[in-house]
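For the sequence shown, counting from 1, position 20 maps to 20 in this note's numbering; every step adds exactly one. Ideal placement from N, C-alpha and C gives every residue a C-beta, glycine not left out.
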Amino acid sequence: MLLWCRKSRFYPKLITCVRAISTSGDGYLQVLLPYIYCLILPELGFPFASLLLKSFALERCLYFILKNSLRRKRPPDIVPDFSSIVTASDKFSFPSGHTMAAFLLANLTLMEFGLVAFPIMIWAMGVSCSRVILGVHFPSDIIAGALLGTCIAQLTSGIY
Numbered sequence: 001m002l003l004w005c006r007k008s009r010f011y012p013k014l015i016t017c018v019r020a021i022s023t024s025g026d027g028y029l030q031v032l033l034p035y036i037y038c039l040i041l042p043e044l045g046f047p048f049a050s051l052l053l054k055s056f057a058l059e060r061c062l063y064f065i066l067k068n069s070l071r072r073k074r075p076p077d078i079v080p081d082f083s084s085i086v087t088a089s090d091k092f093s094f095p096s097g098h099t100m101a102a103f104l105l106a107n108l109t110l111m112e113f114g115l116v117a118f119p120i121m122i123w124a125m126g127v128s129c130s131r132v133i134l135g136v137h138f139p140s141d142i143i144a145g146a147l148l149g150t151c152i153a154q155l156t157s158g159i160y
C-alpha cells in the first residue's frame with residue numbers, strides 16, 4: 001500500500017499534509033496544552049495540567065527505556081531500496097514516541113472531558129499513521145505506541 005501510494009500522482013499533496021500532521025505530534029502540543037487548559041478552565045485546568053505533566057514524564061521515561069533496550073532498527077535500515085521521507089529524531093523505531101505521546105494526551109483528555117476529546121483522538125490516529133506513511137515506523141511500532149500511551153493514561157489517571 002505504501003509503495004503504491006508513493007507512485008500516485010497525489011503523493012506530493014499527501015506528503016505535505018502528512019508532514020504537517022506528523023510535526024503536530026513533535027511534543028509542542030503536549031507541552032502547551034496543559035497551560036491552555038489552565039487559562040480556559042482554571043478550576044479543571046490546574047489538576048488536569050498536573051496530571052498531564054506527570055503522565056508525560058512517566059511516558060518519556062518508559063519510551064527511552066524501551067527504545068534503547070529493544071533497539072529495533074527503522075524501516076530504511078531493514079527494508080531494501082526503501083527510504084524515509086523525513087529524518088527520524090533517533091536511531092530506533094520501537095515503540096513510536098509520537099504515537100505514545102499522542103495517545104496518552106488523547107486518552108487523558110477523553111477521560112477528563114468525554115466526547116469533547118473526539119477530535120484529539122482523531123488527531124492521535126493521524127499522527128500515528130503519518131509516521132508509517134513517512135517511512136520512519138513499522139505498523140507494529142505505532143500499535144505498540146498506541147497501546148502503551150493508552151495504558152499509561154489508564155494507570156496515571158487512577159494514581160493522580
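How far does the alpha helix (DSSP H) with T156 in it extend, from its first residue to its last? Boundaries of the alpha helix (DSSP H) around T156: P139 to I159.
Going by beta-carbon coordinates alone, are T99 and G145 separated by less than 8 Å? Cβ distance < 8 Å, so T99 and G145 count as in contact.
Keeping to the same chain, check which residues put their C-beta closer than 8 Å to that of I152; ignore five residues upstream and five downstream. Same-chain partners within the cutoff: S55, L58, E59, L62, M100 and L104.
Hey, could you find the ends of the alpha helix (DSSP H) P119 is sitting in? Looking at the DSSP string, the run of the alpha helix (DSSP H) that includes P119 is F118 to I133.
Near Q30, what residues of its chain come up, given a Cβ to Cβ distance below 7 Å and the 5 sequence neighbours on each side ignored? Answer for Q30: F56, A101 and L105, listed in chain order.
How big is the Cα-Cα spacing for A49 and G149? Using only the alpha carbons, I get a separation of about 17 Å.
Let's see if you can read the secondary structure: which residues bound the alpha helix (DSSP H) around V31? From DSSP, the alpha helix (DSSP H) with V31 extends over Y28 to I40.
What are the boundary residues of the alpha helix (DSSP H) that includes L104? Taken as a continuous stretch (DSSP letters only), the alpha helix (DSSP H) holding L104 covers G97 to F113.
Under 8 Å between C-beta atoms of L70 and F94: In this structure, F94 lies closer than 8 Å to L70 by Cβ.
Span of the alpha helix (DSSP H), counted from its first residue to its last, around D77: Unbroken alpha helix (DSSP H) run through D77: P75 to I78.
Just the C-alpha distance for C129 and N68, rounded to the nearest angstrom, thanks. Between the alpha carbons of C129 and N68 lies a gap of roughly 23 Å.
Chain-order list of residues whose beta-carbon lies under 7 Å from that of L108 (same chain, five-residue window excluded): Excluding the 5 residues flanking it on each side, L108 has same chain C-beta neighbours closer than 7 Å at L51, L52, S55, A153 and S157, in chain order.
Hey, S96 and R74: beta-carbon distance below 8 Å or not? Taking 8 Å as the cut-off, the Cβ atoms of S96 and R74 do not count as close.
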